[in-house]
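Counting with our numbering, you get residues 889 to 1028 for the letters of the sequence shown.
Heads up, the thing below is written out as structure tokens.
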Amino acid sequence: MSQEIQIGFAQEGDRYTIQTGSAVLGDIVMDYSGYPEDARGGNSSILLLSAALSCYCGSIRAALVARDVPFRAIRATARGVKRMNAEGAMRLAEIAIDVAVDVDDEHVSRLEHCARIVKHCLITASLLEGIAVTHAVRKA
């Protein structure tokens, strides 16, 4: 089974828009008006971290719900580390996700069980396994 997902991108002046096609997300707009060129980088790394964080937290949530573990909130952070590769190009080399789930003490063992079974999510597993990426650039 496979499922295709397609999004769009448009740059008009200093406004970059990612058309997600998602009713929940809507369009993601990055408006660089007034920002110098050297202050415009890093946002795509933030979007990648956001995708990994949202996906992993969603997987933890699904595991908790499937096992009827009551919780009040899930709060999490993602930290990325950028490094130069052997060719001297900057790459996102590490992602660390830290998740805190607000549960009563009596449910901690069930939370720990969920954490053991949810090793990755679609995004983090795809990153670990490596994703086939192709590029095509053409005249509009």
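We put the CB at the ideal spot given by N, CA and C, even for glycine.
All of these numbers come straight from a predicted model, not from anything done at the bench.
### Query
When the Cα of Gly-946 is compared with those of Ile-985, Gly-901, Ala-898, which residue comes out closest?
Ile-985
### Message
Run through the DSSP bridge pairs and tell me what Tyr-904 is partnered with.
### Response
Gln-899, Met-918
### Message
Whole angstroms are fine: how far does the CA of Ile-906 sit from the CA of Leu-913?
### Response
10 Å
### Member of Ala-951, Ala-927, Arg-971 whose CA lies at the smallest distance from the CA of Ile-1005
Ala-951
### Task
May I have the straight-line CA-CA distance separating Ser-921 from Gln-891, to the nearest angstrom?
36 Å
### Query
Mind checking Leu-1016: buried by the 16 CB within 10 Å criterion, or exposed?
exposed
#### Entry: Proximal residues to Ala-898 (C-beta, below 8 Å), its chain only, five neighbours per side dropped
Tyr-904, Thr-905, Gln-907
### Rounded straight-line distance, which links the Cα of Asp-919 to that of Ser-910
20 Å
### Task
Could you check what DSSP says for Arg-963 in three-state terms: helix, strand or coil?
strand
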